[in-house]
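Enquirer:
Numbering (this note's numbering), first residue to last: 1 to 177.
#1: Are three or more beta carbon pairs between the segment 54-65 and the segment 135-148 nearer than 8 Å?
#2: Quick check: what's the CA-CA separation for residue 33 versus residue 174?
#3: For residue 9, count the other beta carbons within 10 Å of its own beta carbon; 16 or more makes it buried, fewer makes it exposed. Which is it?
#4: Compare the Cα-Cα distances from residue 122 to each of 156, 64, 3 and 6 and report the closest residue.
#5: Taking the beta carbon of residue 1 as the centre, do at least 16 other beta carbons fall within 10 Å, making it buried, or is it exposed?
#6: Does the distance from the C-beta atom of residue 131 to that of residue 169 stay below 8 Å?
#7: Which residue spans inside the segment 43-85 form an unbroken beta strand (DSSP E) run of at least 3?
#8: Is the beta carbon of residue 176 less than 8 Å from the beta carbon of residue 120?
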């Protein structure tokens with residue numbers, strides 16, 4: 001009984017000290033460096049990914065400068081949307097590639113197209129994203145509903161990239177496709 005009371009007091013003390021400390025470190029790392037906007041003739045597109053200093057350091061480590069990252073984020077979306085994994089183009093027609101059927105099989109057509117394009121990815125992407133990691137990221141797209149950029153960003157976040165880095169890589173990947 002005495003050991004249980006001592007253990008409880010010790011655990012409570014450690015948690016009361018540790019929890020505020022973790023919040024302080026999290027607040028330090030969330031320093032916003034850039035908030036990117038892209039102005040188009042028709043509308044203004046705000047990029048929902050905000051690059052932190054940590055994101056920029058990571059991207060520079062793989063050969064992508066801050067200016068290149070901002071340019072990548074400013075590229076317009078593809079206009080491809082997914083509805084439960086089925087791809088539609090800007091006009092709402094089923095998305096088809098010359099070599100792929102729009103019908104779903106084991107994987108959606110967009111997953112197949114992106115996977116086949118892996119060898120065309122920029123070296124900076126292939127250096128940090130293996131084919132297995134790409135498959136894991138693409139597994140999100142099979143049941144995703146929304147813009148393909150958002151689905152791929154979420155998939156890349158699941159693989160372990162931060163939000164800003166995942167968005168940059170998603171835009172790079174979709175530019176090749």
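Don't be surprised by glycine CBs; every beta carbon is placed ideally from N, CA and C.
All of these numbers come straight from a predicted model, not from anything done at the bench.
Expert: The structure says:
#1: These segments do not touch.
#2: Within the chain shown, the letter at position 33 stands for residue 33. Within the chain shown, the letter at position 174 stands for residue 174. Confidence is the limiting factor: at residue 33 the pLDDT is only 42, short of 50, which leaves the residue's position unreliable and the question unanswerable from this model.
#3: For the purposes of this step, residue 9 is taken as residue 9 along the chain shown, with counting starting at 1. Looking at its Cβ environment, which holds fewer than 16 other Cβ atoms inside 10 Å, residue 9 is exposed.
#4: What you label residue 122 is simply residue 122 of the chain shown in a count that begins at 1. Sorting 156, 64, 3 and 6 by C-alpha distance to the C-alpha of residue 122 places 64 at the top.
#5: Here residue 1 refers to the residue found at position 1 of the chain shown. Taking a 10 Å sphere around the C-beta of residue 1, we find fewer than 16 other C-beta atoms and assign the residue as exposed.
#6: For the purposes of this step, residue 131 is identified with residue 131 of the chain shown, where counting begins at 1. For the purposes of this step, residue 169 is identified with residue 169 of the chain shown, where counting begins at 1. In this structure, residue 169 does not lie closer than 8 Å to residue 131 by Cβ.
#7: You should have 44-46 and 81-83.
#8: The residue you call residue 176 lines up with position 176 of the chain shown. The residue you call residue 120 lines up with position 120 of the chain shown. Result yes, Cβ atoms of residue 176 and residue 120 sit closer than 8 Å.
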